[in-house]
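Protein chains in written order, with this note's numbering: chain A, 1 to 485; chain B, 1 to 95.
Idealized CB from N, CA, C, for every residue including glycine.
Small disclaimer: the values here were computed from a predicted structure and weren't measured.
Structure, as structure tokens:
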Amino acid sequence: MSSYIIQGETGPWEVVIGLEVHAQVISQAKLFSGASATFGGEPNTHVAFLDCGMPGMLPVINAECVRQAVKTGLGLNAIINRRSIFDRKNYFYADLPLGYQISQFAHPIVGEGTIILDLKDGTSREVGIERLHLEIDAGKSLHDQHPTKSFIDLNRAGVALMEIVSKPDMRSPEEAGAYLKKLRAILRYLGTCDGNMDEGSMRADVNVSVRHPGEPLRTRCEIKNVNSIRFVMQAIEYEAQRHVEVYEQGGIIEQETRLFDSAKITTRPMRSKEFAHDYRYFPDPDLLPLEFSEEFVNEIKASLPELPDAKKARFVGEYGISPYDAGVLVAEKETAMFFEAAAEGHDAKAVANWVMGDLFAALNRTGKDITESPVKPENIGKLVDLIKDDTISGRIAKDVFEIMVETGDAPDKIVEERGLKQVTDTGAIEKVVDEVIAANPDKAEEVRGGKDKLLGWFVGQAMKASQGKANPGILNEMIRKKLLG
Amino acid sequence: MSLDKATVRKIGFLARLEIPEEDLEGLAHELNGILGWVEQLAQVDTEGVAPVASVSQMKLFWRDDVVTDGNMPEKALANAPEAVDGYFLVPKVVE
């Protein structure tokens, strides 16, 4: 349970959050035309006559987009509606040449589902999915190219989107962030959306309201098109605080659409709010109902990959790692694959620690993705084995790992070439210990006189003298024996 | 159902039609006539009849996910009042 509460003058306030995510469907062609759905391209080259609103053109649905929507619905444990209807959502905008967006209103392709959030404190929480529907994207406007004109590129117009609407089940910015991360992970595992918020292939509209706990819902505001998880969390924080201030000063919140200003970290009303949208939805007469069979759904179900929640449970059961660690490892499909390749036949808990600790840090430092990791997964397994069979100490292993990052070499090769093998030969260790004690007679006397704390100092000195290669267990015992008898 | 002048003005705005003030009254009258005609349909008893999406016996046709169209920017832009560097140019619309 999160306890994100805003303490106001009139008592504690709870934040209520719902998210509408627009996820671009991965497909070759657009939802209703044969033009390319690929990101980028020279302006207006991925445009069929339908996409630029030429008269007489008819939409024909792309089978793959239907499959992708059903697949996503199954991944969200949602009800699949085998009959759904396309409607026209009417509004005028320069990047919407049809004058309407083809969308689904009363009868979406996917109904209620659930998504499980993995929170930072290791707990989980369920958030309801209200619906998922298919619709077309609009074109792109560039406003900074000309003093009095906007430039319009319709390459994106008509690309399939899934609008995924949550129930107002989230209560903190952290939960909203966890929701987006989890949804993105599911979409990526399924291969139905690349989840890339920078390129705009996943965008979020955020609905925020506040209330005193136990009260019915109050008026919400919708913050449009927020394009990073961090911005979503910041927008919620700002907006909730704004609501509390308005209420506590005796004001009222009006339902409105707002924009997030990422430079100022504030929200402001859209200027067009005086022309509040009146979409006049009606069934698109160019499109018959979308219908498919139970077998169609079952075939897709049979093709589903292992999803993050199932993988997480398996990692906990199979590898004995904690639910939190498993959650971190499955958050990205590529990380999970890397971990499994590294853990294969080795101490999985130790491998998990190396992956989440030193490897993540090294990737962060070098700005690399796990798929570009200089350290091969099997080499992490080998490194763990070298520590386990006492070939090297844990301390030396850290150095070996850094060399692995730099050179990409296997750890056994590094240990061999650089002579980093741990010294377990008691004779050799004894020699080092004797030398250190002989060089520090006063301190040795102090230890014998009862100053136990100095034992650690001797261990450090002797370890240093062995260049870190002495087996720490043997070394410790040897020093105790020599000094305390 | 009866439309007043204000509603007709709003419908005009939503459709981006400029309707002179003196035409609103007459237009409201005409639209009310059409609505009245459509309302006669309500007299038909449709109890227990599923809504019909189309009178044709067709099923929705599905296309394969293959790129078969596009790559004709000069044609897409042919009717544009203004175009530069492959873009449509429109009066600035900015939020």
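- [ ] Give the residues from the stretch 57 to 71 of chain B that approach chain A closer than 8 Å (Cβ to any Cβ), ordered along the chain.
- [x] Met58, Lys59, Leu60, Phe61, Trp62, Arg63, Asp64, Asp65, Val66, Val67, Thr68, Asp69, Gly70 and Asn71
Open item on the list: As a quick exercise: from His22(A), Asp442(A) and Leu31(A), pick the residue whose alpha carbon is nearest that of Asp51(A).
Closed with: Leu31(A)
Open item on the list: Going by DSSP in three states, Val93(B) sits in which element: helix, strand or coil?
Closed with: coil
- [ ] Could you check how far apart the C-beta atoms of Pro73(B) and Glu42(A) are, in whole angstroms? I think they sit under 8 Å.
- [x] 7 Å
Open item on the list: Which residue wins for smallest C-alpha separation from Asp205(A), given the options Glu239(A), Ile186(A), Leu217(A) and Thr192(A)?
Closed with: Glu239(A)
TODO: Please check if any C-beta of chain B sits within less than 8 Å of the C-beta of Glu274(A).
DONE: Model confidence at Glu274(A) stands at a pLDDT of 47, short of 50, so the residue's coordinates are unreliable and nothing is read from them.
Task: alpha helix (DSSP H) runs wholly inside the stretch 413 to 448 of chain A, at least 4 long, in chain order - done: 426 to 439 and 441 to 448
Open item on the list: Would you say Ala42(B) lies against chain A (beta-carbon separation less than 8 Å)?
Closed with: no
Task: Three-way DSSP call (helix, strand, coil) for Glu20(A) in this model - done: strand
Open item on the list: With a threshold of 8 Å between beta-carbons, can Val52(B) be considered close to chain A, or not?
Closed with: no
Open item on the list: Would you call the stretch 457 to 466 of chain A in contact with the stretch 432 to 442 of chain A, where contact means no fewer than 3 C-beta pairs closer than 8 Å?
Closed with: yes
Task: Runs of beta strand (DSSP E) lying entirely within the stretch 305 to 380 of chain A, each at least 3 residues, in chain order - done: none
TODO: Please check if any C-beta of chain A sits within less than 8 Å of the C-beta of Ala76(B).
DONE: yes
Task: Residues from the stretch 42 to 55 of chain A in contact with chain B, defined by Cβ distance under 7 Å - done: Glu42, Pro43, Asn44, Thr45, His46, Val47, Ala48 and Cys52
TODO: Would you please state the rounded distance, in angstroms, between the beta carbons of Leu132(A) and Met162(A)? I believe it to be under 8 Å.
DONE: 5 Å
Open item on the list: On the DSSP letters alone, give me the boundaries of the beta strand (DSSP E) that Ala160(A) sits inside.
Closed with: Ala160 to Ser166
- [ ] Closer than 8 Å by beta-carbon distance: list the chain B residues that pair up with His143(A), in chain order.
- [x] Lys92, Val93 and Val94
Open item on the list: Please state the DSSP three-state secondary structure of Met170(A).
Closed with: strand
Task: Sequence-distant residues of its chain with Cβ nearer than 6 Å to Ala331(A) (five each side left out) - done: Ala185
TODO: Answer with yes or no whether the minimum CB distance from Asp409(A) to chain B is below 8 Å.
DONE: no
- [ ] Would you mind giving the Cβ-Cβ distance between Ile300(A) and Val70(A), rounded to the nearest angstrom? I have them listed as a contact below 8 Å.
- [x] 5 Å
TODO: Say whether chain A places a C-beta atom closer than 8 Å to the C-beta of Pro73(B).
DONE: yes
Task: Proximity test, Cβ basis, 8 Å: Leu3(B) and chain A - done: no
Open item on the list: Considering only their Cβ atoms, is the gap separating Arg188(A) from Gly195(A) smaller than 8 Å?
Closed with: yes
Task: Asp390(A) and Asn298(A) closer than 8 Å at C-beta - done: no
Open item on the list: Run through the DSSP bridge pairs and tell me what Met478(A) is partnered with.
Closed with: In the DSSP output, where bridge partners are listed per residue, Met478(A) has none listed.
Task: Distance CB(Ile115(A))-CB(Ile129(A)) smaller than 8 Å - done: yes
TODO: Give the residues of chain A in contact with Leu17(B), contact being defined as C-beta atoms less than 8 Å apart.
DONE: In chain order: nothing, as chain A lies at least about 11 Å away.
Open item on the list: Distance cutoff 8 Å, beta carbons only. Does Arg280(A) sit that close to anything in chain B?
Closed with: yes
Open item on the list: Less than 6 Å between C-beta atoms, sequence neighbours within five positions excluded: which residues of the same chain meet that for Val94(B)?
Closed with: none
Open item on the list: Just to confirm the assignment: which complete beta strand (DSSP E) runs, minimum length 3, are found wholly within the stretch 40 to 125 of chain A?
Closed with: 87 to 90, 100 to 103 and 113 to 118
- [ ] Please check if any C-beta of chain A sits within less than 8 Å of the C-beta of Val89(B).
- [x] Note that residue 89(B) corresponds to Leu in the displayed sequence, not to Val. Interface residue, yes.
Open item on the list: Along the stretch 290 to 309 of chain A, where does the CB come closer than 8 Å to a CB of chain B? Name the residues.
Closed with: Leu290 and Glu291
Open item on the list: By DSSP's criteria, Gly250(A) is part of a beta bridge. Which residues make up the other side?
Closed with: Its beta-bridge partners do not exist; DSSP assigns none.
Task: Any chain A beta carbon closer than 8 Å to Leu14(B) - done: yes
Open item on the list: Determine whether the beta carbon atoms of Asp65(B) and Glu64(A) lie at a separation below 8 Å.
Closed with: yes
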